[in-house]
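Sequences listed follow chains H and V, in order.
Take 569 as the starting number for the first sequence in my numbering and just add one per residue.
Take 569 as the starting number for the second sequence in my numbering and just add one per residue.
Structure record follows, encoded as structure tokens.
2 protein chains.
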Amino acid sequence: MAEPTPVVGLDVNALEAAQLLAERRLPALVVVESNGAPHAILPASQVVRFLVPGYVRDDPTLARVMTESMADRAGEKLGSKRVRDLLSKDRRELPAVNHDDTIIEVAAIMARLRCPLVAVMRNGELIGVITASRLLELALPRR
Amino acid sequence: MAEPTPVVGLDVNALEAAQLLAERRLPALVVVESNGAPHAILPASQVVRFLVPGYVRDDPTLARVMTESMADRAGEKLGSKRVRDLLSKDRRELPAVNHDDTIIEVAAIMARLRCPLVAVMRNGELIGVITASRLLELALPRR
């Protein structure tokens, strides 16, 4: 039931990771360690935080008076960081399931951790992910 | 910059909403009030909670010993509920922006509320949504 997913390493350039999210319109990327083990998920909304200058995050009314010349600066800013710099301190661990777990086991983990996707492992290797909507497709009768 | 999005009313059958999430592989649906105003987002992961019996949520090890005949029962269970029954008590309000807000204003709201999408309004009407990855596409230089 797993589906292939694009992954990025912890030391990949942050701008490249953001461009991958943008091009494929992904809600999140799977971040892996150098041995390929899943480390965390990086939601696109977490990357958006780095587009916003700190003083605007503190006072959102300032956003109104800023000009739109942001793209280059956002690109520069991200280009000087790595994926590991984008992960939130309370990083969301990517819940992992085994490729032979049942739909109910996967649903139970997803429900408990309120996560939008889980990593699927076989012999310690990431073989793909299952998103919440994919799980609904597998579990519900078709109409 | 807004993109069209499927919406469901608060009183739509919960199974229908879940099937819509599944068929279109959506991470979330926009829930609207009877006057069309956005009310909340319903993430697919929230719907997954209703696939899992309460005693399994309390003791996930029980998932391992359950059989896979879950689809029909999950369908029955959802079919007797409405969308409003699926929303979590601490329901996530859908942040709304105006159709003429700047990219930075949208990014600031998304960053502050850590939400994966925002509703876009024009003259009090929902005209679409902007997801986090769509915002990255708009804000970043292409490679």
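Glycine included, C-beta positions come from ideal geometry on N, C-alpha and C.
Everything numeric in this text was worked out from a predicted model, so none of it was measured.
| Check | Outcome |
| --- | --- |
| What are the complete beta strand (DSSP E) segments, minimum 3 residues, inside the region 577–624 of chain H? | 596–600, 606–611 |
| Just curious, the alpha helix (DSSP H) that H:ASN678 is in, first and last residue? | Note on residue identity: the sequence assigns Met, not Asn, to residue 678 of chain H. Looking at the DSSP string, the run of the alpha helix (DSSP H) that includes H:MET678 is 671–681. |
| With 16 as the cutoff for other CB atoms within 10 Å, does H:ARG702 come out buried or exposed? | buried |
| Return the CA-CA distance between H:LYS645 and H:PHE618, expressed in angstroms with no decimal places. | 8 Å |
| Measuring only the C-alpha atoms, how far is H:LEU694 from H:LEU662? | 11 Å |
| Using a threshold of 7 Å, state whether the C-beta atoms of H:LEU706 and H:MET569 are closer than that. | yes |
| Just verifying my parser: in three-state terms, what is the DSSP assignment at H:THR629? | helix |
| Let me know if H:SER602 comes out buried or exposed under the rule of 16 or more other beta-carbons within 10 Å of its beta-carbon. | exposed |
| Less than 8 Å between C-beta atoms, sequence neighbours within five positions excluded: which residues of the same chain meet that for V:GLN587? | none |
| Of the residues that make up the region 672–685 of chain H, which ones have a beta carbon closer than 8 Å to any beta carbon in chain V? | ILE672, GLU673, ALA675, ALA676, ILE677, MET678, ALA679, ARG680, ARG682, CYS683, PRO684 |
| Give a yes or no on whether 7 Å exceeds the smallest Cβ distance from V:ARG711 to chain H. | yes |
| As a quick exercise: from H:ARG641, H:ALA676, H:VAL576, H:VAL580, pick the residue whose alpha carbon is nearest that of V:ASP627. | H:ALA676 |
| Could you check the C-alpha separation between V:VAL599 and V:ALA687 for me, to the nearest Å? | 11 Å |
| Candidates V:LEU578, V:MET678, V:LEU610: which alpha carbon is nearest V:LEU589's? | V:LEU610 |
| Is the Cβ of V:SER613 closer than 7 Å to any Cβ of chain H? | yes |
| Note down, in chain order, each residue of its chain lying with its Cβ closer than 6 Å to the Cβ of V:LEU704, except the 5 sequence neighbours on either side. | none |
| Chain V beta carbons: is any one of them nearer than 7 Å to that of H:ARG561? | Residue 561 of chain H lies beyond the range of chain H shown here (569 to 711); nothing can be said about it. |
| Since H:ALA664 is in the beta strand (DSSP E), which residue starts that stretch and which ends it? | 664–666 |
| Could you say which of H:VAL697, H:ARG650, H:ALA582 lies nearest to H:PRO574 if we only look at CA atoms? | H:VAL697 |
| Would you kindly report the start and end of the unbroken alpha helix (DSSP H) that includes V:ARG650? | No alpha helix (DSSP H) contains V:ARG650, which DSSP labels as neither H nor E. |
| Considering only residues of the same chain and omitting the five flanking positions on each side of H:GLU584, which have a CB-CB separation below 8 Å? | VAL576 |
| Just to confirm, are V:ARG632 and H:SER613 a CB contact at a threshold of 7 Å? | no |
| Check V:ARG702 in the structure and name its three-state DSSP category. | helix |
| How about V:ARG641: is its C-beta nearer than 7 Å to some C-beta of chain H? | no |
| Pull up the distance between the alpha-carbon of V:ARG690 and that of V:ASP668, whole angstroms please. | 8 Å |
| Which residues share a DSSP beta bridge with H:GLU571? | H:VAL697 |
| Between V:LEU594 and chain H, is there a C-beta pair that is closer than 7 Å? | yes |
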